[in-house]
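Residues 197 to 674 in this note's numbering are what the sequence shown spells out, letter by letter.
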Amino acid sequence: MGITRRMFLTELARRKGFRVENELSDSVTHIVAENNSYLEVLEWLKGQAVGDSSRFELLDISWFTACMEARRPVDSEMKYRLREQCQSPLNTPESEVPSCIARKVSQYSCQRKTTLNNYNKKFTDAFEIMAENYEFKENEIFCLEFLRASSLLKYLPFPVTRMKDIQGLPCIGDQVRDVIEEIIEEGESSRVKEVLNDERYKAFKQFTSVFGVGVKTSEKWYRMGLRTVEELKADKTLKLSKMQKAGFFYYEDLVSCVSKAEADAVTLIVKNTVSTFLPDALVTITGGFRSGSILQQEVWGKKMGHDIDFLITNPGPREDDELLHKVVDLWKKQGLLLYCDIIESTFVEEQLPSRKVDAMDNFQKCFTILKLYQPGVDNSSYNTSKKSDMAEIKDWKAIRVDLVITPFEQYAYALLGWTGSREFGRDLRRYASHERKMILDNHGLYDRRKRIFLKAGSEEEIFAHLGLDYVEPWERNA
Ligand code: DCT
Ligand code: MG
């Protein structure tokens, strides 16, 4: 392999505690090759003054990447070994065997383990801008093409540096390939640059950053000639929903990300309040704060989010439809509730899971904005009250919090759905229906062949029902 790539992989392995030698010596046990046939490696070995070459394991680079993923040396099974029959029949440069990684990579992100350790950020950032632009244009197919490619490149255990690196990989359409090629050759993509400078994209990006504003509303405002959030705020003729009004009112707070410390503080509030009404209730943080769990010593965890999502369930036989109302009423009394919209459950027993990949679930839920008091508040943020000219220090921050109530027997499904990532969830549902003839949603899993609902008490059981290897929450950052 090329020098840069070899240096990178060597570094990676050493960071994970592997010993990598630059020269062949007595201490070497495994030899890893990429794009070289078994015979080529043997040929090279003969040239090295070593005695019995059979003591080395001759392995494909796919063994190495499997080791990196497992963080330990995995068994050098047959599939990783370089063998005579593994060679490409034609030995021209064009037909070089695509690296075995390519043949192993699944098109479904639920069959891949994706941590936040992204080696291809410059590509995935570009794809996400392209995807967002297509989302604004309501072109779902192209949007998904870029999102899938982004997920795939987040998974790759090495940075893509040449077109050959993506040879044979799934989820790489023509548009994606063009963007990759340009970034490799020019360092940036002219198409992405065009999008970033596009008037419509820029306006939609601003509009949709407001809580309660989606693509449809943005379209309407764009057609009215509006372009920025400032213009929206200044326009008193706009008809705003209650949600959008709150979105504008707390705009600055809501666009600044939620930190891990803030999430911890809110978790405490939610748990305390819920337990005053239902002492046995289980309150679990989900969304990005669960899938971004901090990995052992390595701090790869996502420490920022746009909202905080909680699942609440009561393990007892009794469900309490009033719990959510009681919780928000108490917050209202305590002056902590800045906004709240409760949506009652629309779940119907025995109804088949939704086939729509992006459908909302039917749980009782509540979208809120909470007032979080901050002890070590930054003194530079002043809030001038109109009545007096005294500038008072704003010692709180508005935070978006979602509460979802789930019946205990649906808890595992709800947890899986709400942990995300969105792309991971989408692929789980796609995998269930395309590969298993099952329908999965946040309430349950239905086996269409057996015509039964499959019960699960944990996420592990759901993966097992689907015949998938378990993927930890922090490996679902597809
Ligand atoms: N989800 C769902 N049904 C919904 C909304 C969300 O199943 N009606 C799932 C998809 C991802 C997960 O819940 C969390 O959603 P978000 O809060 O939008 O994403 P996140 O990963 O928490 O990221 P962030 O909140 O930081 O943007
Ligand atoms: Mg979230």
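Virtual Cβ for every residue (Gly too), placed ideally from N, Cα, C.
All of these numbers come straight from a predicted model, not from anything done at the bench.
Problem set entry | Limits of the unbroken alpha helix (DSSP H) element including H226 | Looking at the DSSP string, H226 is not in any alpha helix (DSSP H); the run it does join, the beta strand (DSSP E), is H226 to A229.
Exercise. So Q560 is in the beta strand (DSSP E); what residue range does that whole segment cover?
Worked result: Q560 to Y569
For this session: Enumerate in chain order the residues of its own chain whose CB-to-CB distance from Y357 is below 8 angstroms, with the five nearest sequence positions on each side excluded.
Result: A small correction: the amino acid at residue 357 is Thr; Tyr does not occupy that position in the sequence shown. G198, T200, R201 and I380, listed in sequence order.
Exercise. In three-state terms, what does DSSP make of C263?
Worked result: helix
Problem set entry | Classification of Y446 by the beta-carbon crowding that lies within 10 angstroms, buried from 16 upward | buried
Exercise. Quick one: what's W527 bridged to in DSSP?
Worked result: Paired residues: none, contrary to the question.
Problem set entry | Residues with C-beta closer than 6 angstroms to any heavy atom of the ligand DCT, in chain order | G483, G484, G501, H502, D503, D505, M556, D557, G613, W614, G616, S617, R618, G621 and N638
Exercise. Looking only at its own chain, which residues have a Cβ that is under 7 angstroms from the Cβ of V228, when we skip the five neighbours before and after it?
Worked result: L255, I257, W259 and F260
Problem set entry | Sufficient close CB pairs (3 or more, under 8 angstroms) joining the region 262-273 to the region 207-225 | yes
Exercise. What did DSSP end up calling I380 once you bin it into helix, strand or coil?
Worked result: helix
Problem set entry | Span of the beta strand (DSSP E) around F506 | I504 to T509
Exercise. Rounded to a whole number of angstroms, what is the C-alpha to C-alpha distance between T542 and Q560?
Worked result: 7 angstroms
Exercise. Any idea which residues DSSP pairs E334 with across the strands?
Worked result: Bridge partners of E334: none, in fact.
Problem set entry | Alpha-carbon to alpha-carbon, R672 and S291 | Its pLDDT being 35, under 50, S291 is placed unreliably by the model, and the measurement read from it follows with that caveat. One C-alpha to the other measures close to 34 angstroms.
For this session: Please classify T463: does DSSP put it in a helix, a strand, or coil?
Result: helix
For this session: Starting from L238, trace the alpha helix (DSSP H) both ways and give me its first and last residue.
Result: Y234 to G243
For this session: May I have the straight-line CA-CA distance separating E655 from A610, to the nearest angstrom?
Result: 9 angstroms
Exercise. Looking at the structure shown, is G501 part of a helix, part of a strand, or coil, going by DSSP?
Worked result: strand
Problem set entry | Inter-residue Cα distance where the pair is I565 and N231 | 54 angstroms
For this session: For I362, name the three-state secondary structure that DSSP assigns.
Result: helix
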